[in-house]
Every structure is written in C-alpha cells, then in structure tokens.
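Numbering (the working numbering), first residue to last: 1 to 556. Note that beta-carbon positions come from the ideal geometry of N, C-alpha and C, so glycine has one too. Keep in mind the model is a prediction, meaning the values are calculated, not measured. I have placed the structure first, in the form of structure tokens, so that the comments after it can refer back to it.
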Amino acid sequence: MAPKNKRDTPTGTADQACKRLKDDIKAETAVSEPKVEDVQDNNNLKEDVKVPTNGSKPAVESSNEGESHVNGDKNADKTNGDDQVKSDETKEEEVKPAVTETKPAEASTSTTNSAAAGGGDEEPEEDDDPTGTLLICGGANWDMTGRKELPKTAKKPVENDPAARNLWAPHRATIDGKTLRVRGVFSGCSACHSVIVTEDGVTMTFGRNDKGQLGVGSTGTTKVTPVVVEALKGINIVAAACGRSHTLFLDADGIVYACGDNKMGQLGTNQMAVQQLNSPVRIAFKENKPIVKVACGAEFSMIVDDEGRLYSFGHPEHGQLGHNSEGKYFTSGNKFAFHCEYAPRRVVTFIEKSREGHISPVDEVFITDVACGTNHTLAVDKKHRCFAWGFAGYHRLGHCETKNELVPRSIKNFDAPPASGRGAARVFAGASHSMALDVNGLLYFWGQNKSSGEATMYPKNVQDLCGWRVSAVSCANRSIFVIADGVAISWGPSPTYGELGYGEGKAKSSTTPQEVKTLEGFNISNVACGFAHTLLIAKDKKPEERQALDKMKSWP
C-alpha cells in the first residue's frame with residue numbers, strides 16, 4: 001500500500017505576511033522623513049514581526065497533526081513538506097516488514113466497515129453496498145476435507161466431480177456459467193459447509209451435508225456447489241453461523257432458524273427427541289426478543305438479543321455455554337454423560353479476576369459482539385470489555401492460564417478506561433486461537449494456530465499489520481484471513497488445502513502474514529473462513545474491476 005497523499009504545507013505563509021508588513025512600513029517612511037526616534041521604533045517593529053516567522057505556524061501544525069494521526073507518529077517533521085512525505089514513506093515500509101511492499105492501486109480504496117474498525121475518514125457511498133462477486137479458494141472436496149477416507153454416510157462419491165478439488169488460488173464462483181454475485185458470506189472454523197446470500201436476497205448453501213446442515217430437506221448428499229434453501233424463500237436472511245454439523249440463520253426481523261445435527265441441543269428448538277433437522281425451523285426462544293447476533297461452536301450456539309443479553313444452548317462441555325457448569329454427570333461406573341441445553345438459556349454471570357486471584361462480578365454488561373471457536377467463546381460488551389470462557393487449552397482464552405472458565409471472564413489486557421483506546425471492538429475465534437480488533441483498529445492474537453509452535457498466553461498485537469487499517473478478519477481451523485485497506489492478507493501452518501489463496505505451485509503455508517498476490521489489484525470487501533476453505537467478496541462496480549474478475553478462473 002502506497003503512503004497516503006500528504007496535504008501541501010504552506011511553509012511560506014508567515015514569511016510572506018512579514019514581508020508585506022515590512023514593505024508597508026518602508027512606504028510610510030518614504031512619504032515623510034521620520035525622526036531618528038521613529039526609525040528606531042520601526043526597526044524595533046521589524047524585529048517584532050520576525051518572531052512569528054520562526055515561531056509557531058498554525059497551518060503547518062494542523063497539517064502535521066493530521067499526518068501524525070494517520071501514520072502514528074507524534075513527532076511529525078515541521079521543517080519541509082517534501083521531507084515530511086519522504087520520512088513518512090520510510091515509516092510505512094518499516095512497520096510492515098512481512099507483507100510485500102508492492103501494493104495494488106485499489107488498496108487505497110477503503111472497504112465497507114473500515115471506518116468503524118479503523119477510525120478513518122468517511123468512506124465513499126459506493127462502499128456501503130456489500131454486494132460483489134463471490135470468490136472461493138481451498139478444499140472443495142467437502143466429504144474428504146480433514147478425513148483420510150470417504151465415510152459410509154456419503155451417498156455420492158465426489159471424487160469424480162471436477163468441482164470437488166483443491167482450489168489453490170481464488171476462483172470466481174459461477175452457476176450455469178453466470179458469475180455469482182452475493183451480499184453475504186458465512187462459515188465457521190469447524191464447518192465444512194457455507195452459507196451465501198445472493199444480491200437478490202436468495203439464501204444458498206453448499207458443502208458437507210451428512211447431518212442436514214445445508215437445510216435443503218435431505219441429508220447424506222453433499223452439495224459441491226451452491227443450492228437454494230427452499231424453506232427460506234421469501235425470508236430476508238441477513239446473517240448466518242455454521243457449526244461442525246449445524247447452521248443458524250438470522251433474518252431481518254431478528255428471528256433465528258436452525259437446521260442440522262441436534263443431538264446436543266445445538267439447534268435450540270427444545271426438542272430432545274429430535275436429533276436432526278434437514279430443513280430450517282424457528283428456534284424456541286421464549287423471550288421473543290429480536291436477535292441481532294448469532295455464532296456457532298462445534299456443537300453449541302450463541303445468540304444476542306437487541307438489549308445486549310447473551311443466550312447459549314447445546315453441548316456444555318468445558319463450560320463453553322457460560323452457565324458455571326460443564327454439565328457432566330456419571331451414568332454407570334466410569335461412564336458419564338452431559339446435561340445439554342436444548343433451548344436458549346441466558347448467560348447471567350460475568351466476572352473479573354484480580355492478579356491476587358480475587359473474583360468479583362462485572363455489572364452492566366451489554367453484549368455487542370460474540371464469536372465461537374471449537375470449544376470456547378469470546379464476547380465484547382458496550383464498554384469495550386472482552387470476555388472469554390470455555391476450553392482454555394493453548395491459552396486460547398488469554399487469561400495467562402490453562403484452566404477452563406465456566407463463566408465469562410474479562411481479559412485483563414482490554415480492561416482499561418475508554419479514553420485509553422485499549423478496549424476491544426470485535427472478536428474472532430479459530431479452533432485453538434483467538435483474535436480481537438481494538439477501538440483503534442489494532443489487531444491482537446492469542447492462543448495457538450500451529451500445533452508445533454508455542455502458544456501466546458495473552459493478547460499481543462500483530463506487529464506485521466501495524467499501520468494497516470483492518471476492515472475484516474476471519475479465522476479458519478488454524479488459518480487466518482485479513483482484509484486491510486482493501487488488500488487480502490493471510491497466513492497459517494500446514495497442512496492446507498488452498499485456503500490461503502497463494503496460488504498453484506506457490507507456497508502452501510506461511511507462519512507470518514503475507515499478501516495474497518493472486519488477489520493483487522482486486523478490492524476485497526469481506527471474507528469468511530470455513531474449516532479448510534475461504535469465501536471472499538470482490539467489488540465489481542467499476543469497469544476495471546469487472547474486467548479483472550472476468551480474467552480470473554471460474555469454479556466449478
């Protein structure tokens with residue numbers, strides 16, 4: 001990304017004013033011969049006029065303050081505008097060592113939610129429209145992804161389907177030869193299936209369907225390419241979340257629909273006898289409040305109502321539901337089972353823990369964001385406090401200890417007065433790692449995304465992305481995909497199936513953030529990661545954007 005254009009610095013403004021004042025004084029002295037005393041007074045005046053020239057320059061300081069805000073440099077150079085630009089360019093190169101320096105011209109175009117995430121200037125109106133062309137990369141052989149052999153429940157072997165293959169570079173998704181334009185993409189770190197909402201508001205799903213998670217009325221038959229969810233026709237779906245084998249859909253009226261596996265109550269329909277639903281049905285939410293957020297772990301779910309109250313249902317193991325219990329009980333001998341939650345139950349207790357180990361309740365919690373990993377949950381409230389609970393392995397909770405948390409516990413790194421700028425704004429969860437975007441747009445990581453690497457015990461800033469304005473983040477099982485200043489950046493350990501999008505014959509994994517060169521020149525506005533695949537939305541309003549997309553390989 002090239003440094004932003006700096007405003008011209010009017011360094012000569014004060015000098016010119018001083019010169020004009022001097023000329024006026026000389027003109028007055030030429031009209032009438034002054035006395036010696038008058039000449040001395042005028043000389044004193046000249047000296048007084050020179051003071052502002054070497055003193056403060058409001059116009060220059062204003063310009064420098066604006067540049068300092070963008071580049072994060074409080075000690076902006078005030079001597080020369082050209083030198084300032086050169087200095088700032090050097091700083092931009094220093095803060096992004098791991099990302100290739102050559103950036104596409106479109107990178108300067110901010111994406112849909114970058115102003116809210118990064119605190120930048122107002123975005124152009126055209127970026128308010130989330131619609132764009134659907135791109136996909138990663139493992140599209142849904143039944144075999146993450147498996148060594150084809151399961152018996154797979155009715156259709158997909159090895160002979162040309163669409164069921166690893167896509168090492170992003171491909172333009174098509175249906176019947178026509179480019180697929182979408183306004184929303186959704187998946188999950190444990191999911192081998194995905195949900196998309198087309199530009200016309202049609203909800204479609206594709207991927208693994210062994211438990212009816214696609215909601216197409218049948219089970220067992222994997223849908224390699226997107227198909228319409230007939231049960232949701234006429235319903236305006238605005239968000240969705242995918243678990244390992246279940247799916248939640250949220251409509252514009254705040255109603256949640258669920259389908260897929262229900263053995264652990266993860267559908268929230270309050271039906272213990274119903275272990276699977278092949279079509280979406282409305283969840284049993286007795287509070288009857290509009291829902292604004294949905295999230296899915298592997299076998300549990302979270303919803304947030306319009307009053308900031310959090311509810312959970314499904315498998316309680318590791319305390320991931322936040323009800324101060326793992327729900328475990330012994331049946332006979334060494335065998336045990338779990339008390340699952342089959343309907344949404346409110347999470348009422350939030351705590352903080354001092355360094356001395358003292359526990360105290362946290363009051364006035366209004367949840368604004370929630371994310372689920374395989375067995376842990378993250379949430380942010382209106383005061384920008386970040387909570388984490390559930391399975392604590394590999395420090396994915398960020399509490400500097402590996403003890404499971406049965407209720408939401410605040411992460412100390414984000415506990416600070418709002419004016420400090422350390423509060424969390426958004427959260428994201430992978431299988432064994434967590435991420436957060438703070439109120440200043442800085443991205444943090446904790447946990448472990450490489451099985452052979454060391455775990456990060458508490459939230460640490462992703463240094464390679466300092467100076468970038470992050471607009472979208474998504475976590476796969478172990479991989480991470482970020483959109484910053486319209487540029488696609490990804491990293492993750494092997495094995496991979498192409499979800500990083502680096503291209504055929506290129507490196508298949510990376511331990512540090514790398515720009516996705518196959519997407520150079522494209523303006524990416526959103527991203528959603530599944531278990532081993534990635535969905536992206538590429539802007540396509542401008543002629544040059546459409547031309548570039550037309551040259552991209554299509555899928556299937």
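C-alpha of residue 186 to C-alpha of residue 420: approximately 33 Å in a straight line. In this structure, DSSP gives residue 395 a helical state, which the three-state scheme calls helix.
Per DSSP, the unbroken beta strand (DSSP E) holding residue 352 starts and ends at 351 to 353. Residue 145 and residue 504 have their C-alpha atoms spaced approximately 18 Å apart. For residue 548, the uninterrupted alpha helix (DSSP H) run begins and ends at 543 to 551, by DSSP.
Within the same chain, and ignoring the five residues on either side of residue 460 in sequence, the residues whose Cβ sits closer than 7 Å to its Cβ are 444, 445, 446.
When Cβ pairs closer than 8 Å are counted between the two stretches, the segment 277 to 289 is seen not to touch the segment 324 to 335, the count staying below three.
Residue 338: member of the beta strand (DSSP E) spanning 335 to 338, first to last residue.
In terms of Cβ geometry, residue 483 and residue 513 do not form a close pair [threshold 9 Å].
Between residue 171 and residue 136, the C-beta gap is smaller than 9 Å, which places the two residues in contact.
A distance below 7 Å between beta-carbons, with the five flanking residues on each side excluded, links residue 296 to the following residues of its chain, in chain order: 188, 241, 242, 243, 246, 248, 372.
Here residue 172 is bridged, per DSSP, to 135, 554. Nearest Cα to residue 237 within the set 226, 216, 271, 201: 201. Looking at the DSSP output, residue 460 bridges to 445.
The Cβ-Cβ distance between residue 292 and residue 302 does not fall below 9 Å. One thing to note: residue 190 has its Cβ within 9 Å of the Cβ of residue 477. Every beta strand (DSSP E) stretch that sits fully inside the segment 234 to 266 and reaches 3 residues is listed by chain position as 237 to 242, 246 to 251, 256 to 261. DSSP, reduced to helix, strand and coil, places residue 518 within a helical segment of the structure shown.
Residue 206: member of the beta strand (DSSP E) spanning 203 to 207, first to last residue. Look at the beta carbons and you see the segment 450 to 460 touching the segment 389 to 408: at least three pairs across the two are nearer than 8 Å. Burial check for residue 466: the Cβ neighbour count within 10 Å stays below 16, so the residue is exposed.
Ranked by Cα distance from residue 380, the options 326, 310, 406 are led by 310. The closest CA to that of residue 437, considering only 488, 495, 369, is found on 369. The C-alpha of residue 417 lies about 39 Å from the C-alpha of residue 258.
Under the DSSP definition of a beta bridge, residue 332 partners with 335.
Minimum Cα-Cα distance from residue 317 among the listed residues 376, 199, 197 corresponds to 376.
Per DSSP, reduced to three states, the secondary structure at residue 293 is strand. Counting C-beta pairs closer than 8 Å gives three or more between the segment 339 to 347 and the segment 253 to 268, which meets the contact rule.
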